[in-house]
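**Q** One structure coming up, written as structure tokens, with questions to follow.
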Amino acid sequence: MADPRWLRGRAAIVGIGSTAYGRRGEFTERGELSMAAEAVSAACVDAGIAVADVDGWSSYSMDSTEPADLAHAFGSRPVRLAAMTHGGGGAAMGGAFLHAAMAVATGQVDVCVVYRSICQGKLRFGQAIAKVPRLPAAFSWAAPYGLMAAGQMFALATVRHMHLYGTTEEHFCRIAVNAREMAANNPQARFRELLTPNEYFEMPYIYEPLRRPDICMESDVAVAAVITSAERAADFDADPVYIAAASVGAPQRFGQGLLGSYNMRDDDFASAGQRTVAADLYSKAGLGPADVDVAQVYDHFSPLVLMGLEDFGFCEVGEGGPFVAGGGIGPDALPLNTAGGHLAEVYAHGMTHVAEAVRQLRGTAANQVAGAEVALVVGGAGPTPTSALMLTREAT
Amino acid sequence: MPGLPPPRLTSVSAPYWRAAGDRRLLVQRCGDCGTHRHPPTPACYACGSLAVDWDEVAGTGRVHSFVWTHRPVVSVFENLGVYNVAVVELDGTVGEPVRILSRVNDIDRDGLVVGLAVCVDFDPVDDEVALPVFVPRPLG
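Protein chains in written order, with our numbering: chain A, 1 to 396; chain B, 397 to 536.
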């Protein structure tokens, strides 16, 4: 059997870039292709190459921008990879990096761009489901009961988690407060005002037990990253950040998770659905939770951060609440979502979590973790597959 | 509840919604090994068979989880007020537990808890179709 660690450190991120962070609907007229082009261009400037030098393209979540249009626009080298990882939202983010890493490490591609471009004013999740005349099959069992927003769906996992483990709203509050504390130092972040627990609890429920600060914003934004082989990484301007491992997956019968069947195994119902991905990632990276210097855990809904921390072994299953409330996260413990995350910085389906991990390992982050060597990026809890990345400052 | 999208009847789902119109709760069952599953899928997760059958079940179960929606997803739903959506795990099915997404009628926010014993009821949509819903049932 092949060595699960074969890919470790053989690919590197050598450029990151993004558009400005638009509010939902701000860039609707401009559109996803134009935004993707700007993000790709910025990432290539960061890497010190021309977009014309790119010969591989990788995205996820059925991104509306096709490699055909980007490569055509920039007159890029003949296309040798046009990869798509299926799955909605930010769950599959790591799959785009897995495809890119495999392609550059095996010589299929010289330079691969990973990109994601979204205009949420165009297609807002819950509203889109509510308005379409023919419901998508995955939602046809839920919409007649008024279950249409992702926040409602993840509240179902949250209520079950509270029932099984005694998790409380104070625990969710800690995640929301952390996001604002981190965003306060990030000039690009949308919500930079600190949030006090009193202010949190004064806010009304939206999808009980979720309040406004537990629910991510929606944004119009594009983000891109440039991936090349470890051998070629030295040829680029930016300090390389190495991909120690990239994993996608989900448990058996997880299906569309809370966005679909509700018939996953009970162990997985009140989870982020990421335990198989975590085991796979750690095995491939040869690293574990104790090695992680800084973590970017997908925060579409604050309770799912607790479940992600559990799934990735920072605490026992069911202990995510006491872990974060008892000092488990923060600058002196596990630095978490250090740019403010999707709760406070911008919503980019996990790509800004990757960008922040790269900045941390380059040593250029707003809330820089001193001497950060290993960064974990956890993709969104959602449908199959979810995903994760382990990034390192040194080639391992 | 008025304003919500009606069920989408397809070749796969129509038997389910039409049976509810007759006040019967159906669950898909493997035509070979008898394992129940929901929502419908094209194959049996237990044995891989493509043989599809439907089975009428008693419709008793327990609340697995729920959510109260306080703010509507879109403004057209503002008249719904605060409403619940619940996942109910059915009694007496074959295989891994079968859960149905639905709601619990005749209950307030204090009464709806995980583990609550419920039984099926039916809210008509039109002359042919109804939504399976649940109501609390007395224990014993």
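Glycine included, each C-beta is placed from N, C-alpha and C at the ideal position.
Against chain A, does HIS466 (chain B) count as a neighbour if the rule is that its beta carbon must be under 7 Å from one of theirs?
**A** By this cut-off, HIS466 (chain B) is an interface position.
**Q** Hey, is ASP462 (chain B)'s beta-carbon within less than 7 Å of any beta-carbon in chain A?
**A** It is Phe, not Asp, that sits at residue 462 (chain B) in the sequence shown. So yes, PHE462 (chain B) belongs to the interface.
**Q** Alpha carbons only, please: which of A:GLN256, A:ALA333 and A:GLY326 is nearest the one belonging to ALA290 (chain A)?
**A** Checked all of A:GLN256, A:ALA333 and A:GLY326; the closest Cα to ALA290 (chain A) is A:ALA333.
**Q** Can you name, in chain order, every residue of its own chain whose Cβ lies under 7 Å from the Cβ of SER283 (chain A), other than the five neighbours on each side?
**A** The residues are PRO4.
**Q** Output yes if chain B places a C-beta closer than 7 Å to the C-beta of GLN152 (chain A); else output no.
**A** Interface residue, yes.
**Q** Are the C-beta atoms of VAL453 (chain B) and some chain A residue less than 7 Å apart?
**A** For VAL453 (chain B), the answer is no, since every Cβ of chain A falls outside 7 Å of its Cβ.
**Q** Rounded to a whole number of angstroms, what is the C-alpha to C-alpha distance between GLY249 (chain A) and ASP214 (chain A)?
**A** About 25 Å.
**Q** Can you name the residues of chain B whose CB is closer than 7 Å to the CB of GLU208 (chain A)?
**A** By Cβ distance, chain B contributes VAL463, TRP464 and HIS466.
**Q** Quick one: what's MET390 (chain A) bridged to in DSSP?
**A** DSSP lists A:ALA245 and A:LEU376 as partners of MET390 (chain A).
**Q** Leaving aside the five residues before and after SER76 (chain A) along the sequence, list all residues of the same chain whose C-beta is less than 8 Å from its C-beta, in chain order.
**A** The residues are VAL51, ALA52, ASP53, VAL54, ASP55 and LEU70.
**Q** Does the beta carbon of PRO401 (chain B) come closer than 7 Å to any beta carbon on chain A?
**A** Chain A, which has a Cβ nearer than 7 Å to the Cβ of PRO401 (chain B), makes this yes.
**Q** Give a yes or no on whether the minimum CB-CB distance between PRO435 (chain B) and chain A is below 7 Å.
**A** Output row for PRO435 (chain B): interface = yes.
**Q** Examine the Cβ distances between the region 21-34 of chain A and the region 250-258 of chain A and report whether three or more of them are shorter than 8 Å.
**A** Contact fails: fewer than three Cβ-Cβ distances are below 8 Å.
**Q** Check ALA290 (chain A) in the structure and name its three-state DSSP category.
**A** ALA290 (chain A): helix per DSSP, three-state reduction.
**Q** Rounded to whole angstroms, what is the Cα-Cα separation between ALA395 (chain A) and VAL292 (chain A)?
**A** So the two alpha carbons sit approximately 15 Å from each other.
**Q** Return the Cβ separation of TYR60 (chain A) and MET84 (chain A) in integer angstroms, given the expectation that the two are a contact with Cβ distance under 8 Å.
**A** The Cβ separation is near 7 Å, so the contact holds.
**Q** Considering Cα atoms alone, identify which of B:LEU421, B:SER445, B:VAL463 and B:LEU446 is closest to ALA454 (chain B).
**A** Comparing Cα-Cα distances from ALA454 (chain B) to each of B:LEU421, B:SER445, B:VAL463 and B:LEU446, the minimum goes to B:LEU421.
**Q** Please specify which runs of the alpha helix (DSSP H), each continuous and at least 4 residues long, are wholly inside the region 38-90 of chain A, giving them in chain order.
**A** Segments of the alpha helix (DSSP H) lying fully in the region 38-90 of chain A: 67-74.
**Q** Distance cutoff 7 Å, beta carbons only. Does VAL516 (chain B) sit that close to anything in chain A?
**A** False, the Cβ-Cβ gap to chain A never drops below 7 Å.
**Q** Looking only at C-alpha atoms, which of A:VAL45, A:ALA143, A:ALA272 and A:ILE329 sits nearest to GLY379 (chain A)?
**A** Ranking A:VAL45, A:ALA143, A:ALA272 and A:ILE329 by Cα distance to GLY379 (chain A) puts A:ALA272 first.
**Q** Show which residues of chain B have a CB atom less than 7 Å away from the CB atom of PRO204 (chain A).
**A** Neighbours of PRO204 (chain A) on chain B, chain order: HIS466.
**Q** Whose C-alpha, out of B:THR456, B:GLY399, B:ASP428 and B:PRO436, is nearest the C-alpha of TYR412 (chain B)?
**A** Cα-wise, what sits closest to TYR412 (chain B) is B:PRO436.
**Q** Measuring CB to CB, does ASN178 (chain A) end up less than 7 Å from LEU336 (chain A)?
**A** In contact: ASN178 (chain A) and LEU336 (chain A) (Cβ atoms closer than 7 Å).
**Q** Does DSSP classify PRO520 (chain B) as helix, strand or coil?
**A** Here PRO520 (chain B) sits in strand by DSSP.
**Q** Check the C-beta distance from GLY507 (chain B) over to PRO528 (chain B) and give it rounded, since I have them as a contact under 8 Å.
**A** At roughly 20 Å, the Cβ-Cβ gap does not stay under 8 Å, so GLY507 (chain B) and PRO528 (chain B) are not in contact.
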